[in-house]
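Peer 1: Chains as they are written, first to last, in the working numbering: chain A, 2 to 238; chain B, 2 to 238. Below is a structure I'd like to ask you about.
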DNA sequence: CGCAGTCTTGAATCTCCTCAAAAGGCGTGG
DNA sequence: CCACGCCTTTTGAGGAGATTCAAGACTGCG
């Protein structure tokens, strides 16, 4: 069962797996460490219950009555989460690794919050075309490109290969991409055999051929299947 | 081919199929009539190019390189659209019927714009779980409930049946729900045979059994298939 | 009346899912 | 240090839901 972390100025309660630190920089904002698997619950309906991810990875998800799960977004360092962005009662957040959070002042960060809101909407729209119109391979390719950008290690910049930690399990990826865990695994290993990516441990991924992956992710006619267009194709303006 | 309507204070250009009216009420906002099939292009990157739908129906959509299309949202009267909400260069809008638009002042309507932004995000998230995790029948049921709410005719409130105009074609519905036009047609006719809905003309739909439709839309265990849950089911708090 | 567009329906195909089993990693404890 | 159990991942075989292809029906319009 998931642990639950309560966050919010109104609640002094902190579960065992949360560390509370005080930071003198940036005006004494609190830092909280959340363990993987923990469901993050922002206290009440307070508008000011909003946090910034300092380090780590969090996913937002929704569930249907029978348990079918859809991960809405995967958030890395710098992303915001909380009631100032959207009613947190409508979906839930879970930490995918040890994650540092810091509470933010919604009056001071008004601008950042509006930017984050626009970013969320843009990402959600991009994800809609992924879920609705991309093939399994295209979905996985898109996810890899996205996660590589968000979680790339600043390690050796040798050649053009990027390595990143895949905080999501195959099951998480499946619930993000609208697939099954087996299909995700098959795609990843097919990419591996094709030389698009490389991995030894299933959670440390190296992008070997980013160009090819990007073409696949974009749904390039040559690589994917033929299109399902029910309306005339409209040329870009 | 789609016509293109230019909107925005910077552009005095109006295509033939657009009527320009002056309205004395609400401070001289302009009203524009857009014909169905018209792609609406908000001029430039101006932050103030934003409109409210007074009457009619507009859909927002994106396309992949090969023409695969995904409708992001269907907007009815009262909804906003424009650069104040999201960069309109990232997706396009098309009128699905004769539609009245009025330009709004983003300084005066600051509050409404932020509300609309949150509504867009919420709807996009709700649509994500539809695209990723619902079956074809559940998708179509969800769409019908949604459209009935947004486009219900205020006609005879007899019994509990709602009738509405389906401005979307089967192809539009398919591109909204991540299905094919044939699957949408099959679902609608299956609902018709099952007594959930009724229609004589394919674009005038009556919701006959709203409760059953809502259960289906919610992905009720008894009606749909068994769940695809890759993580433990988390009980609601 | 005939044409064009949308919608409906059927049959075959295919992608992805389901079910199943085996392999690999990791921590615990003997 | 290795055995054991637990969990995630991989891989295979078969099946189901949705798509594709195709033909016919309905509607509105010149």
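All residues carry an ideal CB built from backbone N, CA and C; glycine is no exception.
Would a C-beta distance cut-off of 8 Å place residue 1 of chain B and residue 110 of chain B closer than the cut-off?
Peer 2: The first residue shown for chain B is 2 and the last is 238, placing residue 1 of chain B beyond what the model contains.
Peer 1: Could you tell me the distance, in whole angstroms, from the CA atom of residue 62 of chain A to the CA atom of residue 133 of chain A?
Peer 2: Here residue 62 of chain A corresponds to residue number 61 of the first chain, with the count starting at 1. Here residue 133 of chain A corresponds to residue number 132 of the first chain, with the count starting at 1. Using only the alpha carbons, I get a separation of about 18 Å.
Peer 1: Which word fits residue 202 of chain B, buried or exposed, when buried means at least 16 other C-beta atoms lie within 10 angstroms of its C-beta?
Peer 2: If you number the second chain from 1, residue 202 of chain B lands on position 201. Classification for residue 202 of chain B: exposed.
Peer 1: DSSP state of residue 202 of chain B, grouped into three classes?
Peer 2: As a first step, residue 202 of chain B is located in the second chain; it is residue number 201 there, counting from the start. Three-state DSSP puts residue 202 of chain B in coil, outside helix and strand.
Peer 1: If you compare alpha carbons, which of A:130, A:179, A:83 and A:167 is closest to residue 43 of chain A?
Peer 2: Residue 43 of chain A sits at position 42 when you count from the first residue of the first chain. Cα-wise, what sits closest to residue 43 of chain A is A:83.
Peer 1: Tell me whether residue 184 of chain B sits in a helix, a strand or coil according to DSSP, three-state version.
Peer 2: The sequence position of residue 184 of chain B within the second chain is 183, counting from 1. Three-state DSSP puts residue 184 of chain B in a helix.
Peer 1: Are the C-beta atoms of residue 134 of chain B and some chain A residue less than 8 Å apart?
Peer 2: Here the question's residue 134 of chain B lines up with position 133 in the second chain. With 8 Å as the cut-off, residue 134 of chain B counts as an interface residue toward chain A.
Peer 1: What does a CB cutoff of less than 7 Å around residue 209 of chain A pick up in its chain, not counting 5 residues either side in sequence?
Peer 2: As a working note, residue 209 of chain A is residue 208 in the first chain. Excluding residues within five positions, the ones whose Cβ falls inside 7 Å are 162, 196, 197, 198 and 199.
Peer 1: Taking 8 Å as the cut-off, decide whether the C-beta atoms of residue 60 of chain A and residue 137 of chain A are in contact.
Peer 2: Counting from one through the first chain, the residue named residue 60 of chain A turns up at place 59. Counting from one through the first chain, the residue named residue 137 of chain A turns up at place 136. Result no, Cβ atoms of residue 60 of chain A and residue 137 of chain A do not sit closer than 8 Å.
Peer 1: Using 10 angstroms around the beta-carbon of residue 64 of chain B, count the other beta-carbons present and answer buried if the total reaches 16, otherwise exposed.
Peer 2: For the purposes of this step, residue 64 of chain B is identified with residue 63 of the second chain, where counting begins at 1. Burial check for residue 64 of chain B: the Cβ neighbour count within 10 Å reaches 16 or more, so the residue is buried.
Peer 1: Please return the same chain residues whose Cβ sits closer than 6 Å to the Cβ of residue 75 of chain A, not counting the five positions on each side in sequence.
Peer 2: Translated into the one-based positions of the first chain, residue 75 of chain A becomes position 74. Excluding positions up to five away in sequence, the list reads 60.
Peer 1: Would residue 87 of chain B and residue 123 of chain A qualify as a contact pair, given that the criterion is a beta-carbon distance under 8 Å?
Peer 2: Within the second chain, numbered from 1, the residue matching residue 87 of chain B stands at position 86. Within the first chain, numbered from 1, the residue matching residue 123 of chain A stands at position 122. Yes, the pair counts as a contact, with Cβ atoms nearer than the cut-off.
Peer 1: In chain B, which residues lie less than 7 Å from residue 209 of chain A when you measure between Cβ atoms?
Peer 2: Within the first chain, the letter at position 208 stands for residue 209 of chain A. Under the 7 Å cutoff, chain B gives no residues; its nearest Cβ is about 23 Å from residue 209 of chain A.
Peer 1: So what does DSSP say about residue 145 of chain B, is it helix, strand or coil?
Peer 2: The residue labelled residue 145 of chain B in the question sits at position 144 within the second chain. Three-state DSSP puts residue 145 of chain B in a helix.
Peer 1: From residue 26 of chain B to residue 32 of chain B, what does the alpha carbon distance come to, in whole angstroms?
Peer 2: The sequence position of residue 26 of chain B within the second chain is 25, counting from 1. The sequence position of residue 32 of chain B within the second chain is 31, counting from 1. Confidence at residue 26 of chain B is low in this model, with a pLDDT of 34, below 50, so the placement of that residue is unreliable and no value is reported for it.
Peer 1: So with CB distances below 8 Å, who are the chain B contacts of residue 220 of chain A?
Peer 2: Here residue 220 of chain A is taken as the residue at index 219 of the first chain, counted from 1. Those within 8 Å of residue 220 of chain A in chain B are 65, 66, 67 and 69.
Peer 1: Just to make sure I have the definition right: I need the residues of chain B whose C-beta is within less than 8 Å of the C-beta of residue 168 of chain A. Which are they?
Peer 2: Looking up residue 168 of chain A in the first chain gives position 167. Within chain B, no residue comes near residue 168 of chain A; the closest Cβ sits about 14 Å away, beyond 8 Å.
Peer 1: Chain B beta carbons: is any one of them nearer than 8 Å to that of residue 24 of chain A?
Peer 2: Residue 24 of chain A sits at position 23 when you count from the first residue of the first chain. Residue placement at residue 24 of chain A cannot be trusted, given a pLDDT of 35 that sits under 50; the coordinates are not used to answer.
Peer 1: So with Cβ pairs under 8 Å, would you call residue 145 of chain A a contact of chain B?
Peer 2: By one-based count along the first chain, residue 145 of chain A stands at place 144. Answer no: the Cβ-Cβ gap between residue 145 of chain A and chain B never drops below 8 Å.
Peer 1: Just mark residue 150 of chain A as buried or exposed, buried being the case when its beta carbon has 16 or more other beta carbons within 10 Å.
Peer 2: Numbered from 1 along the first chain, position 149 holds the residue referred to as residue 150 of chain A. Classification for residue 150 of chain A: exposed.
Peer 1: Run through chain B and tell me which residues come within less than 7 Å of residue 87 of chain A, C-beta to C-beta.
Peer 2: For this step, residue 87 of chain A is matched to residue 86 along the first chain. For the C-beta of residue 87 of chain A, the chain B residues within less than 7 Å are, from N- to C-terminus, 119, 122 and 123.
Peer 1: By the three-class DSSP mapping on this structure, what secondary structure does residue 194 of chain B have?
Peer 2: On the second chain, position 193 is the one that residue 194 of chain B refers to. In this structure, residue 194 of chain B counts as helix in the three-state DSSP scheme.
Peer 1: My understanding is that residue 100 of chain B touches residue 35 of chain B, with C-beta atoms under 8 Å, so please give their C-beta distance in whole angstroms.
Peer 2: Locating residue 100 of chain B in the second chain gives position 99, where the first residue counts as 1. Locating residue 35 of chain B in the second chain gives position 34, where the first residue counts as 1. That belief holds up - the Cβ atoms of residue 100 of chain B and residue 35 of chain B are roughly 5 Å apart, short of 8 Å.
Peer 1: Taking the continuous alpha helix (DSSP H) assigned at residue 72 of chain A, which residues delimit it?
Peer 2: Translated into the one-based positions of the first chain, residue 72 of chain A becomes position 71. No alpha helix (DSSP H) holds residue 72 of chain A; the beta strand (DSSP E) holding it covers 70 to 76.
Peer 1: Under 7 Å between beta-carbons, which chain A residues line up against residue 129 of chain B? List them in chain order, please.
Peer 2: One-based indexing of the second chain puts residue 129 of chain B at position 128. Result: 71, 73, 125, 128, 129 and 132.
Peer 1: Among the candidates B:143, B:211 and B:77, whose CA atom is the shortest distance from the CA of residue 117 of chain B?
Peer 2: The sequence position of residue 117 of chain B within the second chain is 116, counting from 1. For residue 117 of chain B, the nearest C-alpha among the options comes from B:77.
Peer 1: Start and end of the beta strand (DSSP E) containing residue 103 of chain B?
Peer 2: The residue given as residue 103 of chain B occupies position 102 in the second chain. Its beta strand (DSSP E) spans residues 100 to 104.
Peer 1: Taking Cβ positions, are residue 114 of chain B and residue 81 of chain B nearer each other than 8 Å?
Peer 2: Against the second chain, residue 114 of chain B aligns to sequence position 113. Against the second chain, residue 81 of chain B aligns to sequence position 80. Yes, the Cβ-Cβ distance between residue 114 of chain B and residue 81 of chain B is below 8 Å.
Peer 1: Any idea which residues DSSP pairs residue 51 of chain B with across the strands?
Peer 2: One-based indexing of the second chain puts residue 51 of chain B at position 50. The partner list for residue 51 of chain B (beta bridge, DSSP) reads B:83.
Peer 1: In the DSSP assignment, the beta strand (DSSP E) including residue 93 of chain B goes from what residue to what residue?
Peer 2: Here the question's residue 93 of chain B lines up with position 92 in the second chain. Counting along the chain, the beta strand (DSSP E) containing residue 93 of chain B begins and ends at 93 to 96.
Peer 1: For residue 205 of chain A, count the other beta carbons within 10 Å of its own beta carbon; 16 or more makes it buried, fewer makes it exposed. Which is it?
Peer 2: For the purposes of this step, residue 205 of chain A is identified with residue 204 of the first chain, where counting begins at 1. Classification for residue 205 of chain A: exposed.
Peer 1: Taking only beta-carbon positions, decide if residue 80 of chain B is within less than 8 Å of chain A.
Peer 2: By one-based count along the second chain, residue 80 of chain B stands at place 79. For residue 80 of chain B, the answer is no, since every Cβ of chain A falls outside 8 Å of its Cβ.
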